[in-house]
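Novice: full-length UniProt numbering puts the first residue of the sequence shown at 1, with every later residue one more than the last. Every residue, glycine too, gets a C-beta built ideally from N, C-alpha and C.
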Amino acid sequence: MRLIDGSALQLPVSSSAPLFVVGPNGAGKSGLISTLFRLNHADAVRISAHRQTWMESNAVPFSPQDKIRNEQHTRGQDSQPDARWKEWNSGVRSGLVIADLIESDNKLSRQLADAYRSGNEVEAVKLAAEPQPLAEITELFAGSGISIKLEIGENSTIIASKNGGTPYSIALLSDGERAALLIAGTILTAKKGALILVDEPERHLHASIVTPLLLQLFGKRPDCTFVVSTHELSLPVGMPTAKTVLVRDSKAEGNDVTAWDLDVLEPGIEVDDATKEAIIGSRRKMLFIEGTSTSLDKPLYELLFPGVSIFPRQSCRDVEHAVVSVRDAEAVTWVQAFGIVDQDQISPAQRSSLIAKGIYPLSVYSVESLYYSPTIIAAVAQRQCDVVGEDPAHVMQTASANLVAAIASEVDRLAARMTEQAVKDKISMQMPDWKTIQRGQNVNITVDAQAMYQAEKAQLQSWIAAKDVEKIVGRYPIRETMALAAVVNALQFKSRGQYEAAVRKLASDNESIRATLIGHFGGLVAALA
1 MRLIDGSALQ LPVSSSAPLF VVGPNGAGKS GLISTLFRLN HADAVRISAH
51 RQTWMESNAV PFSPQDKIRN EQHTRGQDSQ PDARWKEWNS GVRSGLVIAD
101 LIESDNKLSR QLADAYRSGN EVEAVKLAAE PQPLAEITEL FAGSGISIKL
151 EIGENSTIIA SKNGGTPYSI ALLSDGERAA LLIAGTILTA KKGALILVDE
201 PERHLHASIV TPLLLQLFGK RPDCTFVVST HELSLPVGMP TAKTVLVRDS
251 KAEGNDVTAW DLDVLEPGIE VDDATKEAII GSRRKMLFIE GTSTSLDKPL
301 YELLFPGVSI FPRQSCRDVE HAVVSVRDAE AVTWVQAFGI VDQDQISPAQ
351 RSSLIAKGIY PLSVYSVESL YYSPTIIAAV AQRQCDVVGE DPAHVMQTAS
401 ANLVAAIASE VDRLAARMTE QAVKDKISMQ MPDWKTIQRG QNVNITVDAQ
451 AMYQAEKAQL QSWIAAKDVE KIVGRYPIRE TMALAAVVNA LQFKSRGQYE
501 AAVRKLASDN ESIRATLIGH FGGLVAALA
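(1) Within a Cβ cutoff of 6 angstroms, which residues of the same chain sit near GLN384, ignoring the five residues on either side of it in sequence?
(2) Given this structure, state the Cα-to-Cα distance separating ALA465 from THR398, to the nearest angstrom.
(3) Does the Cβ of ALA507 have 16 or more other Cβ atoms within 10 Å, making it buried, or fewer, making it exposed?
(4) Return the CA-CA distance between GLU232 and ALA207, expressed in angstroms with no decimal places.
(5) Are the region 47 to 66 and the region 278 to 288 in contact at 8 angstroms, needing three or more beta carbon pairs?
(6) Taking the beta strand (DSSP E) that PRO361 belongs to, which residues open and close that run?
(7) Taking C-beta to C-beta, are LYS220 and LEU265 nearer than 8 angstroms?
(8) Kindly provide the ranges of any alpha helix (DSSP H) runs that are 4 or more residues long and lie completely inside the region 357 to 394, ordered along the chain.
(9) Please name the residue, chosen from ARG313, LEU96 and ALA502, that lies closest to VAL380 on a Cα-to-Cα basis.
(10) With DSSP as the reference, label ILE279 as helix, strand or coil.
(11) At a cut-off of 7 angstroms, is ASN25 close to the ligand HEM when judged by its beta-carbon and the heavy atoms of the ligand?
(12) I think LEU235 touches PHE20, with their Cβ atoms under 8 angstroms apart; what is that distance to the nearest whole Å?
(13) I think GLU320 touches ILE359, with their Cβ atoms under 8 angstroms apart; what is that distance to the nearest whole Å?
(14) Less than 8 angstroms between the beta carbons of residue 595 and PRO201, yes or no?
(15) Is DSSP giving MET1 helix, strand or coil here?
(16) Go ahead and label ARG413 buried or exposed: buried means 16 or more other beta carbons lie within 10 angstroms of its beta carbon, across all protein chains shown.
(17) Per DSSP, what kind of secondary structure is GLY339 in: helix, strand or coil?
(18) Report the rounded CA-to-CA distance for THR166 versus ALA160, giving the unit in angstroms.
(19) When the distance is taken between beta carbons, is GLN350 closer than 8 angstroms to ALA429?
(20) In angstroms, rounded to a whole number, what distance separates the CA positions of residue 598 and VAL473?
(21) Nearest-angstrom Cα distance between VAL411 and ARG479?
(22) Exposed or buried, VAL122, counting other C-beta atoms within 10 Å across all chains shown (16 or more means buried)?
(23) Would you mind reading off the limits of the alpha helix (DSSP H) that contains PRO12?
(24) Alpha carbon to alpha carbon, what distance is there between VAL60 and residue 534?
(25) Indicate whether the contact test is met: 3 or more Cβ pairs, each with one atom in the region 337 to 356 and one in the region 517 to 527, closer than 8 angstroms.
(26) Going residue by residue through the region 451 to 494, where are the continuous alpha helix (DSSP H) segments of at least 4 residues, counting only ones entirely within it?
(27) So, with DSSP's three-state summary, where would you put residue 575?
(28) Within a Cβ cutoff of 6 angstroms, which residues of the same chain sit near LYS426, ignoring the five residues on either side of it in sequence?
(29) CYS224 and ALA190 - do their beta-carbons sit closer together than 8 angstroms?
(30) In the DSSP output, what is TRP260 paired with across the bridge?
(31) Could you say which of ILE437, GLN450, GLN441 and THR436 lies nearest to ALA415 if we only look at CA atoms?
(32) According to the Cβ coordinates, are THR275 and ALA322 closer than 8 angstroms?
(33) State the Cα-Cα distance for the pair VAL367 and LEU287, rounded to the nearest angstrom.
(34) Going by other Cβ atoms of all chains shown within 10 Å of its Cβ, with 16 needed for buried, is GLN65 buried or exposed?
(35) Here's the rule I'm using: 16 or more other beta-carbon atoms within 10 Å means buried, otherwise exposed. How should ALA180 be labelled?
(36) Can you tell me whether THR294 is buried or exposed? The criterion is at least 16 other CB atoms within 10 Å of its CB, across all chains shown.
Below is the structure:
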């Protein structure tokens with residue numbers, strides 16, 4: 001394959017394990033599959049992404065002579081550059097699969113009859129033990145959670161039945177069931193040693209079905225070589241021996257894709273499945289953050305760090321594990337992994353240790369401290385007052401006073417809560433890993449929780465007395481109080497979600513605000529550059 005930089009790359013295609021092709025929409029995956037078909041026209045079988053799944057009939061729709069002509073015609077069409085996005089004679093293609101399935105069944109029956117007639121009982125017993133394709137598909141369906149039985153009906157038709165019910169035409173199967181049948185039928189009836197190219201097998205199929213279905217099909221055809229282009233990242237993750245091509249971009253000349261920007265992920269990478277899936281689905285720069293996919297962190301960080309793939313992890317320790325795992329994986333040298341963790345009670349020594357690993361603690365407690373800092377509140381208040389006709393200074397004063405009042409009623413709990421988190425962090429950061437345990441080392445951890453609590457309480461009370469909103473918001477878990485609602489109400493927003501969306505819109509529009517927010521991430525911006 002030709003790469004965008006002008007060099008050439010031999011794709012690691014082998015019958016020993018499938019090759020998966022992943023990448024974002026428009027990166028050039030289908031173009032790669034189409035090119036592989038043209039380069040291996042004589043031995044390749046292609047299942048296109050834009051394939052038709054409905055059928056006009058459950059019987060062979062043409063004569064044997066017409067079948068040969070249609071096969072030649074479709075292979076010729078699939079060799080054209082337009083085949084990347086266009087499919088001719090869609091109904092004929094499903095008819096060819098039906099014809100191949102029925103012919104395979106009939107061929108086995110003829111061979112078995114010939115063996116019996118010739119008195120070759122050994123051969124007859126051997127042939128009788130061979131599964132018919134429709135029986136194999138029924139077995140595959142059962143292993144994929146599809147309770148459908150397929151068999152040959154009258155007049156050489158294919159019929160289906162569900163849970164022992166009345167048989168019906170396969171044309172009446174659901175979209176997903178027909179899609180699974182056409183994929184399985186194409187693969188099982190392919191010629192020996194074929195290169196089988198499957199583009200987006202997940203179309204019309206749930207992830208819980210497509211993964212076990214394909215894994216079973218790979219096992220049924222060990223003689224064939226598989227290349228699978230997919231958006232379903234659980235597929236390559238579920239096959240530890242598989243290689244994966246990560247398509248980043250492509251170059252087109254006319255209607256044809258002629259060059260690619262890609263990376264190859266070798267098997268055997270020593271990271272957990274969640275991190276491997278993140279690598280496969282990421283850009284070349286990865287940012288692991290504390291939080292979940294629905295928390296406030298991800299949409300704000302995506303805005304602040306464009307061009308970087310962002311993956312939430314539950315805790316600081318999980319972020320550290322993910323970043324270190326990727327950085328230690330020699331097979332993914334093209335990936336740059338970084339992390340963001342909440343400030344909490346991280347000491348200067350711990351901060352330096354994390355930064356050395358590519359993990360940058362926030363300068364404030366958590367992401368809420370960014371959304372509700374006085375600078376951001378004031379900027380949002382200015383915009384909001386332009387709409388509602390209020391005085392920005394008065395609104396800001398009210399918001400600050402209400403926030404401090406909300407915190408004042410929570411002094412004991414907040415101080416205890418912060419102490420609890422500080423104790424957990426101190427213990428967590430000193431916890432031994434499996435290597436330390438294996439070496440026989442013990443770790444003693446002691447924390448004076450009460451002394452920490454009294455100091456924390458005194459500090460918070462002094463900041464409340466000074467009405468120091470900046471320090472309060474920057475240090476404490478304000479999301480656990482009524483402080484956020486106090487700000488939202490003072491600025492006359494209907495909900496927290498509406499206010500937080502306004503913050504992101506402000507950051508999107510205002511370069512100065514973005515710079516202010518980015519300033520809380522230390523050297524991360526320079527590291528990502």
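Specialist: On the basis of the data shown:
(1) LEU491
(2) 16 angstroms
(3) buried
(4) 7 angstroms
(5) no
(6) 359 to 361
(7) no
(8) 367 to 371 and 374 to 388
(9) ALA502
(10) helix
(11) The model on display carries no ligand, and the ligand HEM is accordingly not part of it.
(12) 6 angstroms
(13) 6 angstroms
(14) Here the chain has residues from 1 to 529 only, and residue 595 is not among them.
(15) coil
(16) exposed
(17) strand
(18) 8 angstroms
(19) One detail in the question is off: residue 429 reads as Met in this sequence, not Ala. Yes, the pair counts as a contact, with Cβ atoms nearer than the cut-off.
(20) Within the shown structure, residues of the chain are numbered from 1 to 529, placing residue 598 beyond reach of any answer.
(21) 14 angstroms
(22) exposed
(23) Taken as a continuous stretch (DSSP letters only), PRO12 belongs to no alpha helix (DSSP H), as it is neither H nor E.
(24) The structure shown has nothing for residue 534, since the chain only spans 1 to 529.
(25) yes
(26) 469 to 475 and 483 to 490
(27) Beyond the ends of the chain as shown, which are 1 and 529, falls residue 575; an answer cannot be given.
(28) VAL447
(29) yes
(30) LEU3 and SER250
(31) GLN450
(32) yes
(33) 15 angstroms
(34) exposed
(35) buried
(36) exposed
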